[in-house]
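**Q** Numbering (this note's numbering), first residue to last: 1 to 113.
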């Protein structure tokens, strides 16, 4: 009896693994991590973020609170540089990454003196 129960347990384990693999394969591509200084940036200082999973040449935008694109650039070596962006209204920006490996979005941040 214990051999039968053991065999049933093994079969259920195999089915569970197969089901999990099918579920994972059906998921959409993962969002890219967009990592930056959450406390914000100084207007006249370097402003960079990392997107370690993004390919070279992937596009990024800096968008305002209302969703308007305020700056755009490309990622090189997993880093995006928006140091040339010097807004006069420094609150609630986000970096949005778009690339072949998937997209991602940063947390909101500010830019000020």
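Note that beta-carbon positions come from the ideal geometry of N, C-alpha and C, so glycine has one too.
Between the beta-carbon of residue 106 and the beta-carbon of residue 62, is there less than 7 angstroms?
**A** Here residue 106 refers to the residue found at position 106 of the chain shown. Here residue 62 refers to the residue found at position 62 of the chain shown. No. Outside cutoff.
**Q** Under 6 angstroms Cβ to Cβ from residue 98, same chain only, skipping five residues before and after it: list those, please.
**A** Residue mapping note: residue 98 aligns to position 98 of the chain shown, counting from 1. Excluding residues within five positions, the ones whose Cβ falls inside 6 angstroms are 59.
**Q** In this structure, what does DSSP give as the bridge partners for residue 103?
**A** For the purposes of this step, residue 103 is taken as the residue at position 103 of the chain shown. Beta-bridge pairing links residue 103 to no other residue.
**Q** Just the C-alpha distance for residue 92 and residue 50, rounded to the nearest angstrom, thanks.
**A** Here residue 92 is taken as the residue at index 92 of the chain shown, counted from 1. Here residue 50 is taken as the residue at index 50 of the chain shown, counted from 1. Taking the straight line from one Cα to the other gives about 19 angstroms.
**Q** Please check the pair residue 77 and residue 56, which I expect to be a contact at CB under 8 angstroms, by giving their CB distance rounded to whole angstroms.
**A** Sequence index remark: in the chain shown, residue 77 carries index 77 (1-based). Sequence index remark: in the chain shown, residue 56 carries index 56 (1-based). Correct: roughly 7 angstroms between the Cβ atoms.
**Q** Would you tell me roughly how many angstroms separate the C-alpha atoms of residue 31 and residue 96, rounded to the nearest one?
**A** Taking the first residue of the chain shown as 1, we reach residue 31 at position 31. Taking the first residue of the chain shown as 1, we reach residue 96 at position 96. If you take the alpha carbons of residue 31 and residue 96, they lie about 11 angstroms apart.
**Q** Going by CA-CA distance only, name the one from 48, 104, 43 that's closest to residue 88.
**A** Taking the chain shown and counting its residues from 1, one reaches residue 88 at position 88. That would be 43, whose Cα lies nearest to the Cα of residue 88.
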